[in-house]
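Here's the structure we're looking at; comments come further down.
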Amino acid sequence: MTTYDYDLFVIGGGSGGVRSARVAASLGKKVAIAEEFRFGGTCVIRGCVPKKLYVYASQFPEHFEDAAGFGWSVGETRFDWTKLVAAKEAEITRLEGLYRKGLDNAGAEIIESRAELAGAHSVRIASTGQVVTAERIVIATGGSVNAHAEIAGYEHCISSNEAFDLPELPRSILIAGGGYIAVEFANIFHGLGVDVTLIYRGPELLSRFDGDMRRGLQDAMMAKGIKLLLNDVIESVEKTADGALTTRTRAGTVVVADQVMLALGRHPNTAGLGLETAGVALNARGAIIVDDYSRSSVPSIWALGDVTDRVQLTPVAIHEAMCFIDTEYRGKPTKPDHDTIPTAVFSQPEIGTVGLSEEEAARRFAEVEVYRAQFRPMKATLSGRAEKMIMKLIVNATDRKVIGAHILGHEAGEMAQLLGITLKAGCTKDDFDRTMALHPSAAEELVTMYSPSYIIRNGERVTG
Ligand code: NDP
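Using the numbering used here, read the sequence shown as starting at 100 and increasing by one per residue.
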């Protein structure tokens, strides 16, 4: 029988990598995990976690303003970017420590180095040149930002990686893209007092979301003062003598800003990993091709998370890692389930969503009932903030199953998480109807929309 140095070697210390290494080690396997940067991956170091902390920071000006309607006088306020960056850094360092501790306690060996495949069962550790062998190898190297070198002057632009640690808060920023990152950062910077312009190639932000969410958020962002350049893209970025950046767009607009940030998608991090040497097949986007169990074209090598370009979300990578563990080490073959994933855009207002958009449901089902409520949340009555919340349920008329739920407004993400359980469980609209309302709350709208706002039959809206 062949003997290997390790039962499992994991390349990449992000969400998927750490979870698979830690659990395999806790099951008594001999495990090593290599990471070239910081443990925690994109999510902890320069993604979800610092982003959410910055979202909180950016919400305070609205809280200060709203307080007046409730009788409070808030004195002079001042924001210190350097303090926020330092506090964020302390928190992600704490989390990074917890990731390491978890691995340590489980008995996994931590290797602080880049690692590359040297064969189907072997890995080269870049810092030492040592080649080690493993029965199984997991690649969980995540994704990296698309640099977009075709844009003249792209080297003057930052990505979300740098945005978290800018030496000073810019006075103005131009952000390119209409996806999660562009929209979230536009709102963060706006909340922190930065003059924000967003440029997006399409007619409406967030192309894969429900139309009501897109329109509602876009209107709210414009009303707040975020400038939108739609149906347009950046053509060139030039640095002027005073350090400002002059951007020219295809439609002929010129924007001068302190920073230009590109948020035009991310690609799988597979370059220089020795995948060709080991014979691991990639798709046209450079992602590792995997089967239903996350196994690559080489039977001893698996890939998890963003490097496979399935669904680029932290909980998905963790779920794929647990499925790998169940399949390979617990004798329970388990395919990752990528269906009905709740997700949120942490914009202001926030979007929380699970299941099909109205547009997608109308394409897939013969008859769809749409329940829609738009209202002013209670807090906005006294604060006087012109703010609307939108809630929507999409129902397949044939079996009454709720197949989509979409919320725009405060705590939409929190609600989407719970709605995710109901959709996953296959709840029908009748289950929603017989659920008692919790009063007074915004979420009670979800169980009190008794008649459809309109019906879509064979793709055509027929009522309402
Ligand atoms: P997205 O895929 O969400 O958005 C990319 C944006 O860039 C889209 O608006 C896209 O336009 C646009 N785009 C792509 N290529 C070009 C181009 N050549 N020229 C002009 N525009 C272009 O990616 P992000 O980078 O925002 O985020 C990466 C991933 O990270 C997301 O898919 C998401 O899974 C995850 N993420 C999740 C978050 C969350 O859960 N809250 C937060 C942040 C990231 P179009 O839509 O027209 O294709």
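Glycine included, C-beta positions come from ideal geometry on N, C-alpha and C.
Treat the numbers as computed from the prediction; the structure is a model and nothing was measured.
Bridge-paired residues (DSSP) for THR298:
The question names Thr, yet the displayed sequence has Ile at residue 298. According to DSSP, which records beta bridges pairwise, ILE298 is partnered with ALA275, LEU328.
Would you mind listing the beta strand (DSSP E) stretches within the region 195-269 that are 3+ residues and don't spill past its ends, in chain order?
For the region 195-269, whole beta strand (DSSP E) runs of length 3 or above, ordered along the chain, are 208-210, 214-216, 221-224, 230-238, 242-244.
Residue range of the beta strand (DSSP E) that includes PHE159
Where PHE159 is concerned, there is no enclosing beta strand (DSSP E), although the alpha helix (DSSP H) it sits in stretches over 147-166.
Reducing DSSP to helix, strand and coil, say where ASN286 ends up.
Helix, per DSSP.
Assumed close pair ILE191, ALA275 - CB separation to whole angstroms, cut-off 8 Å
The Cβ separation is near 26 Å, so there is no contact.
With contact counted as at least three CB pairs below 8 Å, one residue from each stretch, are the region 173-190 and the region 305-321 in contact?
Contact between the region 173-190 and the region 305-321 is absent: fewer than 3 CB-CB pairs across the two stretches fall below 8 Å.
Quick one: using the 10 Å Cβ neighbour count with 16 as the cut-off for buried, is GLU283 buried or exposed?
Answer is buried; the Cβ neighbour count reaches 16.
On a CA-only basis, which of ASP104, GLY115, TYR103 is nearest VAL406? Give me that one, please.
The residue with the shortest Cα to Cα distance from VAL406 is GLY115.
Using CA coordinates, which residue listed in ILE298, ASP309, ALA356 is at the minimum distance from ASP573?
Nothing in the structure corresponds to residue 573, since the chain is present only between 100 and 563.
Rounded to whole angstroms, what is the Cα-Cα separation between ARG137 and GLY451?
Separation of ARG137 and GLY451 (C-alpha to C-alpha, rounded to the nearest whole angstrom) is 30 Å.
With respect to 7 Å, is the separation between the Cβ of ARG484 and the closest non-hydrogen atom of ligand 1 below this value?
Every heavy atom of ligand 1 is 7 Å or more from the Cβ of ARG484, so no.
Do you know offhand how far GLU510's Cα is from ILE489's?
Separation of GLU510 and ILE489 (C-alpha to C-alpha, rounded to the nearest whole angstrom) is 12 Å.
What's the C-alpha gap between THR232 and GLU249?
Rounded to the nearest angstrom, the gap between the Cα atoms of THR232 and GLU249 is 40 Å.
Minimum length 3: unbroken beta strand (DSSP E) runs contained in the region 331-379:
Within the region 331-379, the complete beta strand (DSSP E) runs of at least 3 residues are 333-338, 344-348, 353-356, 358-361, 365-367.
Among LEU455, VAL469, TYR470, nearest to ARG463 - alpha-carbon criterion
If we check each option's Cα against that of ARG463, LEU455 comes out closest.
Paired residues, beta bridge with VAL467 - DSSP:
In the DSSP assignment, VAL467 is bridged to ASN495, ILE555.
State yes or no: is the C-beta of GLN158 within less than 8 Å of the C-beta of GLN447?
Against a cut-off of 8 Å, the Cβ pair of GLN447 and GLN158 comes out as a contact.
Just the C-alpha distance for ARG349 and SER552, rounded to the nearest angstrom, thanks.
The alpha-carbon separation between ARG349 and SER552 amounts to approximately 40 Å.
Between the Cα of THR240 and those of THR413, GLU468, ALA496, LYS326, spot the shortest distance and give me the residue it belongs to.
Taking only the C-alpha atoms, the option nearest THR240 is THR413.
Report whether the distance from the Cβ of THR562 to the nearest heavy atom of ligand 1 is below 7 Å.
For ligand 1, not one heavy atom lies less than 7 Å from the Cβ of THR562.
Would you decide whether ARG177 is buried or exposed? Buried here means 16 or more other CB atoms lie within 10 Å of its CB.
Classification of ARG177: exposed, given that the 10 Å Cβ count is below 16.
GLY371, buried or exposed, once every other Cβ within 10 Å from all chains shown has been counted against 16
The residue in question, GLY371, is exposed, as its Cβ has fewer than 16 Cβ neighbours within 10 Å.
From the DSSP output, in three-state form, read off TYR428 for me.
Helix, per DSSP.
C-beta neighbour in chain C for GLY373, strict 8 Å
Of the chains in the structure shown, none is chain C; there is only one protein chain.
Less than 8 Å between the beta carbons of GLN472 and GLU544, yes or no?
In the sequence on display, residue 472 carries Ala and not Gln. In this structure, GLU544 lies closer than 8 Å to ALA472 by Cβ.
If I follow the unbroken beta strand (DSSP E) through ILE110, where does it start and stop?
First-last of the beta strand (DSSP E) with ILE110: 105-110.
Runs of beta strand (DSSP E) wholly within the region 487-553 (minimum 3 residues, chain order):
Segments of the beta strand (DSSP E) lying fully in the region 487-553: 488-495, 501-507.
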